[in-house]
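Each remark here refers to the structure printed beneath this line.
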Amino acid sequence: MNYKVVILDIDGTIVPHGKTLSPATKDAIQRLREKKINVVIATGRAPYFSESILSETGVDSMVFFNGSYAYHEGKEIYKNAIEKHVLERVHLLSHDYKHPLTFLGGTSFKATDLSHPFVVEAYQHDPWKPELAPPQFWTEQDIYQMFLHCDVEEEASYQTKIPELDFRRWSSGARTCDVNLSNSNKAVGLTKLLERFGIAPDEAVAFGDGLNDMEMLSLVGMGVAMGNARDELKQVADMVTLSAEEDGVRYGLKRLGLI
């Protein structure tokens, strides 16, 4: 197959968790670009969490917030914010349960409780730290994603009571989960980008490691799960490569004959 675009998740894919982009992976991305193969970043991160990666890779086509926000060549081409009435229900429910929330807007993010141990844990390895969210924060700007800080067994109640939203745990042991619109995922944002490129989904390769990559790997012609990926993702992948720590993206691209 003559693949025309390679789509890359960030955390656990091109960047091992808690680490930085390796020279080998950076070189692999550069070799793709030299061969005129489009490279897209598709991440659960916000734009302001991704600046260093975008600078290092030179990629200018991106999907953020697990598909709710897409950019191409510096221009916004798609956005899908969470409706205010849905945000209000999450806000009230989390207040009743005493679970902190982090609200992620287009240009900033703020948490409802900075001292809660689950919030401290969520950001302990990150260079960015949230500020305290004023009561009106989520009402005054578009919110594209939230982090719900709670134990895994407490998550189901939210999913049942707010079906408009999708709750996906960061990892099996994490006490935080991504909260996105249930009709929004990486595949939705990527479809908008692929249409802009004029490239069909089966002409695309995608690499990922998490539950938020399920739809993305199912969308494309070649879905590649990292060696460190969740088992559920490996089951839907067309191929499994090495882990992020072992430069699995480079290894997978070589196996596919793309570099």
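Residue numbers (this note's numbering): 1 to 259.
C-beta atoms are modelled at their ideal positions from N, C-alpha and C, and glycine is treated no differently.
Computed from a predicted structure; not experimentally measured.
Distances from the CA of residue 85 to each of 93, 79 and 78 were compared; the closest alpha carbon is that of 93. The three-state reading of DSSP puts residue 168 in strand, counting E and B together. Contact between the region 36–44 and the region 110–118 is absent: fewer than three C-beta pairs spanning the two stretches fall below 8 Å. In this structure, 190 is the residue among 206, 190 and 109 with its C-alpha nearest to the C-alpha of residue 72.
When the Cα atoms are used, residue 78 and residue 188 turn out to be separated by approximately 10 Å.
Where residue 53 is concerned, the enclosing alpha helix (DSSP H) starts and stops at 51–57. CA-to-CA, the gap between residue 89 and residue 162 works out to about 8 Å.
Around the Cβ of residue 58, a 10 Å sphere holds fewer than 16 other Cβ atoms; the residue is exposed. Rounded to whole angstroms, the gap between the alpha carbons of residue 144 and residue 9 is 18 Å.
Contact between residue 48 and residue 204 is ruled out by a C-beta separation of about 26 Å, above the 8 Å threshold. Of 138, 171 and 175, the smallest CA-CA separation from residue 150 is found for 175.
The beta carbon of residue 15 sits closer than 6 Å to those of 21, all from its chain and outside the five residues before and after it, given in chain order.
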